[in-house]
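**Student:** Position 127 of the sequence shown, counted from 1, bears residue number 159 in the working numbering, the numbering being contiguous throughout. Think of the CB as a built atom: it goes at the ideal place given N, C-alpha and C, for glycine as much as any other residue. In this text, all values refer to a predicted model and were calculated from it rather than measured experimentally.
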Amino acid sequence: MNFFRHTVLPIVAAFIWGTAFVSQVQGSETLDAFSFNMARSVVASIFLFFVAWGVRVWRKQDALKKGTYVELTPAQKKDRWKALLTSGLICGTMLTIAANLQQAGIALSGAGKSGFITALYVVLVPVLGIFLKKRVPARVWISVLIAVIGLYLLSIKPGEFTVTRGDFLLILCALAFSFQIMTIDRYSLLVNGIELSCVQFAVVAIESGILMLLFSDVTLSDFTAVIGPILYTGILSSGVAYTLQIISQKGANPTLVSLLMSLESVFAVLSGAIVLHEHLTGREYLGCVVMFAAIVLSQVPIEQFIAKKKTD
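Encoded structure:
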């Protein structure tokens with residue numbers, strides 16, 4: 033069960049996210065980031081509400097049959113709702129920032145490149161652990177250096193030392209996703225994973241909706257024109273994959289799970305090439321390879337292998 037939760041589910045989430053980059057590119061052709069994320073998050077929160085409700089009813093009925101059901105006291109219910117709403121607000125706000133930066137960056141940089149730059153969060157998560165007083169292994173610092181080289185090959189053209197606006201937004205997005213993963217790691221142990229996902233997307237829908245009203249100029253026909261991408265990203269990418277992230281991180285090593293989820297970058301390049309006919313340059317493909325090497329190196333416990341070899 034642990035193998036399925038901590039290994040299979042993150043890979044499934046990575047596949048959904050990787051292919052969802054195509055839908056996000058298609059959505060960006062009609063809607064701005066705030067409008068698209070508001071729409072997909074409304075779909076996600078509604079979908080997850082019914083999933084969470086169904087699971088809760090099923091568990092209650094199962095517990096009643098087994099004679100193990102215990103009704104919560106009013107005080108316990110209040111504490112439960114307080115924990116859920118607090119967790120959802122914090123995780124949802126972090127996701128609002130990350131998702132809107134990503135959507136804006138995808139509109140400018142395409143699916144394939146966006147997948148790899150976004151995957152920088154895998155390297156950044158353990159580095160940010162410094163602020164939680166966690167020791168950062170030497171391999172992580174080496175991975176950071178390699179990732180910078182990969183990012184240079186991906187984002188900076190020969191003879192130039194400037195980063196495009198789209199790539200810069202995606203770098204900020206990777207940083208925001210790093211904080212979002214760390215908040216999920218903290219709060220997923222306190223509340224139900226599906227319910228947390230439902231609340232966090234309701235928060236994203238509200239916050240992105242406010243930003244849409246302030247800065248966007250869209251019509252109903254703009255939304256209906258990209259209803260397919262909205263439903264795909266809302267139900268599968270937002271509704272299913274983010275819930276799989278929460279479930280898979282529960283009781284697991286967050287850096288190990290983030291490594292498996294980083295496979296979304298590979299799926300993004302493949303789906304971008306197959307569906308959108310995107311083609312990276314040789315230099316950019318090399319950057320993808322270097323970036324992925326950094327991602328893998330950052331998660332492989334080399335120190336444990338060396339220590340074990342010395343004791344053998």
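1) Can you find the residues in the same chain that come closer than 6 Å, C-beta to C-beta, to Gly198, ignoring five residues on each side of it along the sequence?
2) Short of 7 Å in beta carbon distance, which residues of its chain neighbour Leu221, apart from the five on each side in sequence? Order them along the chain.
3) Going by C-alpha distance, which of Ile259, Tyr219, Ala130 and Val250 is nearest Arg112?
4) Need the endpoints of the alpha helix (DSSP H) that Ala237 sits in, please.
5) Kindly indicate which three-state DSSP category Tyr264 falls into: helix, strand or coil?
6) Can at least three beta-carbon pairs, one atom from the segment 170-180 and one from the segment 105-122, be found at a separation below 8 Å?
7) From this set, Leu207, Ser270, Cys230 and Thr196, which residue's C-alpha is nearest Phe68's C-alpha?
8) Closer than 8 Å is the cut-off here; do at least three beta carbon pairs connect the segment 249-265 with the segment 93-101?
9) Would you grab the beta carbon distance between Leu160 and Met214 for me? Rounded to a whole angstrom, and I think it's under 8 Å.
10) Give the DSSP-derived three-state secondary structure of Tyr101 in the structure shown.
11) For Pro106, count neighbouring C-beta atoms within 10 Å of its own C-beta (all shown protein chains included) and say buried if the count is 16 or more, exposed if not.
12) Terminal residues of the continuous alpha helix (DSSP H) containing Pro169?
13) May I have the straight-line CA-CA distance separating Gly144 from Phe299, to the nearest angstrom?
14) Any beta-carbon of chain B closer than 8 Å to the one on Gly260?
15) For Gln108, which residues from the same chain have a beta carbon less than 7 Å from its beta carbon, with the 5 sequence-adjacent residues on both sides left out?
16) Who are the near neighbours of Val57 in its chain, counting only those whose CB is closer than 7 Å to its CB and skipping five residues on each side?
17) Tell me whether Asn34 is buried or exposed, calling it buried when 16 or more other Cβ atoms sit within 10 Å of its Cβ.
18) Just list the alpha helix (DSSP H) runs in the segment 124-183, keeping only unbroken ones of 4 residues or longer that don't cross its boundaries, in chain order.
**Tutor:** Quick look at the numbers:
1) Excluding positions up to five away in sequence, the list reads Gly137, Leu140 and Ser141.
2) Lys282
3) Tyr219
4) For Ala237, the uninterrupted alpha helix (DSSP H) segment begins and ends at Gly225 to Phe247.
5) Three-state result, Tyr264: helix.
6) no
7) Ser270
8) no
9) 6 Å between Cβ atoms; contact.
10) coil
11) exposed
12) From DSSP, Pro169 is part of no alpha helix (DSSP H); its letter is neither H nor E.
13) 8 Å
14) The structure shown has no chain B; it contains just one protein chain.
15) none
16) These residues qualify, in order along the chain: Ile138, Gly142, Ala143 and Leu308.
17) exposed
18) 143-150 and 153-160
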